[in-house]
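Take the sequence shown: its position 409, counted from the start at 1, is 409 in full-length UniProt numbering, and no numbers get skipped.
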Amino acid sequence: MPLTMAFPRAYIPSTALLRALSRSARPPCPFARRIPTQCLRGKTSKASKASKPKKEMPKENPYQKEFDEAARAAGTTAPKLPVPKAEAESYQDMLDHGLSAIRWLAETTPGKYEYVDSIESEEDFKRFKKRDAMLEENFANPDYDSTELDIMTLTDLMNHPCYRHIREDIREIRDWVANKPKEEEEIRALERKVEKEVTDMLAEPKMKVHEFFQEMIDDPEFSEVRADLIDVQSRWAESDFKVDPNEMVTAMNMLGEKLEAMPVVQRKIAERAASGDDWKADYDKEMKEYEKLVKEADEDEERERREEEEDEELEWETEGTTIRIDKLIADVERLLDAMGGQKDLKRDLRELRAEDPFEDTRYELEEGVNWERLAREVNSGIEKLKRGPDLDESDPELKAKVDKIMDDPQLFEKLSFIAEIIKERKKDITTFSGNAPDPETLPDSELTTVGNQLKVAMKDPEHRAAIRGLRVKLHPPFNVHPDVRHLNYALTLAYCGANDDIRRIIWRCYYKARNLPTLLQNIPNDSWDLIWYSQAVTWRGNQNRQAHLELLLKDLASIGKDGPPTKPVDVGKQKPQLDDPNSPMQQALRLALQAKAEFERKRAAESTLLLESGT
Numbered sequence: 001m002p003l004t005m006a007f008p009r010a011y012i013p014s015t016a017l018l019r020a021l022s023r024s025a026r027p028p029c030p031f032a033r034r035i036p037t038q039c040l041r042g043k044t045s046k047a048s049k050a051s052k053p054k055k056e057m058p059k060e061n062p063y064q065k066e067f068d069e070a071a072r073a074a075g076t077t078a079p080k081l082p083v084p085k086a087e088a089e090s091y092q093d094m095l096d097h098g099l100s101a102i103r104w105l106a107e108t109t110p111g112k113y114e115y116v117d118s119i120e121s122e123e124d125f126k127r128f129k130k131r132d133a134m135l136e137e138n139f140a141n142p143d144y145d146s147t148e149l150d151i152m153t154l155t156d157l158m159n160h161p162c163y164r165h166i167r168e169d170i171r172e173i174r175d176w177v178a179n180k181p182k183e184e185e186e187i188r189a190l191e192r193k194v195e196k197e198v199t200d201m202l203a204e205p206k207m208k209v210h211e212f213f214q215e216m217i218d219d220p221e222f223s224e225v226r227a228d229l230i231d232v233q234s235r236w237a238e239s240d241f242k243v244d245p246n247e248m249v250t251a252m253n254m255l256g257e258k259l260e261a262m263p264v265v266q267r268k269i270a271e272r273a274a275s276g277d278d279w280k281a282d283y284d285k286e287m288k289e290y291e292k293l294v295k296e297a298d299e300d301e302e303r304e305r306r307e308e309e310e311d312e313e314l315e316w317e318t319e320g321t322t323i324r325i326d327k328l329i330a331d332v333e334r335l336l337d338a339m340g341g342q343k344d345l346k347r348d349l350r351e352l353r354a355e356d357p358f359e360d361t362r363y364e365l366e367e368g369v370n371w372e373r374l375a376r377e378v379n380s381g382i383e384k385l386k387r388g389p390d391l392d393e394s395d396p397e398l399k400a401k402v403d404k405i406m407d408d409p410q411l412f413e414k415l416s417f418i419a420e421i422i423k424e425r426k427k428d429i430t431t432f433s434g435n436a437p438d439p440e441t442l443p444d445s446e447l448t449t450v451g452n453q454l455k456v457a458m459k460d461p462e463h464r465a466a467i468r469g470l471r472v473k474l475h476p477p478f479n480v481h482p483d484v485r486h487l488n489y490a491l492t493l494a495y496c497g498a499n500d501d502i503r504r505i506i507w508r509c510y511y512k513a514r515n516l517p518t519l520l521q522n523i524p525n526d527s528w529d530l531i532w533y534s535q536a537v538t539w540r541g542n543q544n545r546q547a548h549l550e551l552l553l554k555d556l557a558s559i560g561k562d563g564p565p566t567k568p569v570d571v572g573k574q575k576p577q578l579d580d581p582n583s584p585m586q587q588a589l590r591l592a593l594q595a596k597a598e599f600e601r602k603r604a605a606e607s608t609l610l611l612e613s614g615t
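Structure, rendered in structure tokens:
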């Protein structure tokens, strides 16, 4: 029997239900407690009713165990530290928990503690709270910018007494981290500027080539290759000089072959050649110059790479040589022990192994010039000059030379002429504003040529690194410009020596290269100092000193600098003043002049002795 489903119909309440609902309600009891109304809709669970668990606080202070261990080691009893009731959210919470201050100390030496940091105000609490939040974010987020956190951490390291000996190094790292975003933004802005300048520079020749194609398309004499010209022109408009598409090169080669076969092209080439406009020769010349610049740039890059490799090889060789020398000295010591003697020689070998070859240099770099030691050396030199070499009066060659000089009838006229020349030269020398060293008192290493000094400097890794730091590096295509290469060479010469010729070379190279795009922005600070102070000297040959300095100030102001990176005031603070007659430098110079006078007096006495012996 099939089942039948009843059709739905409207619900009609019964008469009893309607009668019950219509009755009046019973008055409520005034003493009964009202049951709260459930406002939650739907099914509820125990998980939804459960509240957020509170963070359990420790039953004792976290530092209590460390205090107890320290007290047991000292044989005393540690006091009970206050137990935190909740996590402090402000400095006022610390005060409410019974903590007025938190201080950190560090044991710098056994038994001596020094202050590191503390929380004693609301600002200190916010600083620590901010650093903790930044640390958590840095660990949780790999893309977090930790520049501010790094600066705060390095600042704390600077203030830590255990890192007092490297405080200046940490300061340099902190300054580098703080300036890194600014430098990166400057580099990006410079790259955008260079890219725009390169685009603008290449847009003009690109437009000229486009117009040249259009003139050929409009010329009825080139109707045979009009389709090829339109195709090459469209490809040329889509090119950007950065990519060399093969299709465009192939199309241009095919077009060139067709144009060379046309009589009209041959006729126009002959007309231009007859008029003296040899465009092909000019084009070949420009291409050769460009290839030469590219080749020089590649050679410079290869030379720099080779220099870096030589630096690394030299470091390895130096380290290996030191190891071999130490091994050789150790073998000699074992040999002397086996022979059983030579205590003095063994002591000398031990001193040789413990000797620091750079001790004198390090002392001079750290302490500066020791003027007392310099004065003692000058005085010892004077004593040696006073004693002088012993003359061998029985030398026949010397006697023959003296006789030849005395036989000259114009001897006294020549001597008076030489005296006048020496007098004039001394007068010219005194016109210089500074005190130049006497070449007779200088060592041989300081009397060599600039070229030899450059060769010696290039063998030292530190000097090579310093010279590389002076170079001006530009982005392509300006890095292959000859003026940049000449300026870098002039700065290298200035590193090895200072004279009026080098000063003029620096100025000529700088003046020719200063108008190159982005050159002023890429000159290092040390190079700015070299250029500035080379033109600031008051030498007699520097007659345009004021004009040069004004132009340099203008160029420095154009890149946001108010003068040379190293100010003259700072230079004066670091070096002794030459104008003070009682300064150590002036005293040393007076001693040197006295030594020179003694030397001249000794030579005059020797000449007189020779003359008397000849007569």
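We put the beta carbon where it would ideally sit given N, CA and C, even for glycine.
Residues in its own chain within less than 7 Å of residue i by CB, not counting five upstream and five downstream?
{"i": "Asn522", "result": "Val472, Lys473, Leu474"}
{"i": "Trp507", "result": "Gln535, His548"}
{"i": "Gly469", "result": "Pro524, Asp526"}
{"i": "Asn138", "result": "Tyr144, Ser146, Leu149"}
{"i": "Ala494", "result": "Ile502, Ile506, Leu530, Ser534"}
Which residues in the same chain as residue i place their Cβ atom closer than 8 Å to its Cβ, once the five residues preceding and following it in sequence are excluded?
{"i": "Ile170", "result": "Leu154, Leu157, Met158, Tyr163"}
{"i": "Ser118", "result": "Ala101, Ile102, Arg103, Trp104, Asp124"}
{"i": "His160", "result": "Ala106, Val116"}
{"i": "Phe358", "result": "A caution first: Phe358 carries a pLDDT of 46, below 50, which makes its placement in the model unreliable, though a value can still be read off. So the list is empty, once near-sequence residues are dropped."}
{"i": "Asn488", "result": "Leu470, Arg471, Val472"}
{"i": "Glu247", "result": "Arg235"}
What is the DSSP secondary structure of residue i, reduced to helix, strand or coil?
{"i": "Ser115", "result": "Correcting the residue identity first, residue 115 is Tyr in this sequence and not Ser. Here Tyr115 sits in strand by DSSP."}
{"i": "Arg103", "result": "strand"}
{"i": "Glu366", "result": "Any reading at Glu366 must be qualified, since the residue scores a pLDDT of 46, below 50, and its modelled position is unreliable; the value itself is stated next. Glu366 falls in the helix class under three-state DSSP."}
{"i": "Thr109", "result": "strand"}
{"i": "Ala281", "result": "helix"}
{"i": "Thr361", "result": "Low per-residue confidence applies at Thr361: pLDDT is 46, beneath 50, and the placement is therefore not dependable enough to give any value."}
{"i": "Tyr144", "result": "coil"}
{"i": "Asn253", "result": "helix"}
{"i": "Met262", "result": "coil"}
{"i": "Arg468", "result": "helix"}
{"i": "Gln543", "result": "coil"}
{"i": "Leu551", "result": "helix"}
{"i": "Leu229", "result": "helix"}
{"i": "Thr77", "result": "coil"}
{"i": "Gly451", "result": "helix"}
{"i": "Arg514", "result": "coil"}
{"i": "Leu154", "result": "helix"}
{"i": "Leu530", "result": "helix"}
{"i": "Ser223", "result": "helix"}
{"i": "Lys268", "result": "helix"}
{"i": "residue 688", "result": "Limits of the chain in this structure are 1 at one end and 615 at the other, which puts residue 688 out of reach."}
{"i": "Val537", "result": "coil"}
{"i": "Ile502", "result": "helix"}
{"i": "Thr566", "result": "coil"}
{"i": "Glu60", "result": "coil"}
So, under 8 Å CB-CB, residue i and residue j are touching, yes? Tell me the CB distance rounded to an integer number of Å.
{"i": "Val480", "j": "Ala513", "result": "Rounded, the Cβ-Cβ distance is 13 Å, inconsistent with contact."}
{"i": "Leu516", "j": "Thr492", "result": "Not a contact, Cβ separation roughly 19 Å."}
{"i": "Phe222", "j": "Trp236", "result": "Not confirmed; about 16 Å, so no contact."}
{"i": "Asp500", "j": "Gly541", "result": "4 Å"}
{"i": "Asp555", "j": "Leu520", "result": "6 Å"}
Spatial neighbours of residue i within its chain, please: CB distance less than 6 Å, with the 5 preceding and 5 following residues excluded, ordered by chain position.
{"i": "Gln546", "result": "none"}
{"i": "His463", "result": "Ala457"}
{"i": "Pro564", "result": "Trp528, Asp529, Trp532"}
{"i": "Ser48", "result": "With a pLDDT of only 48 at Ser48, under the threshold of 50, the placement of this residue in the model should not be trusted; the figure read from the coordinates follows. The answer is none, since no qualifying residue turns up."}
{"i": "Met252", "result": "Val232"}
So is residue i buried or exposed if we call it buried at 16+ other beta carbons inside 10 Å?
{"i": "Trp176", "result": "exposed"}
{"i": "Met94", "result": "buried"}
{"i": "residue 653", "result": "In the structure as shown, the chain begins at 1 and stops at 615. Residue 653 is therefore absent and cannot be evaluated."}
{"i": "Phe478", "result": "buried"}
{"i": "Val232", "result": "buried"}
{"i": "Tyr510", "result": "buried"}
{"i": "Val225", "result": "buried"}
{"i": "Tyr113", "result": "exposed"}
{"i": "Ile467", "result": "buried"}
{"i": "Ala465", "result": "exposed"}
Is the Cβ of residue i closer than 7 Å to any Cβ of chain C?
{"i": "Pro161", "result": "Absent from the structure: chain C. Only one protein chain is present."}
| query | Using 8 Å as the Cβ pair cut-off and three pairs as the minimum, do the region 142-151 and the region 184-198 touch? | reply | no
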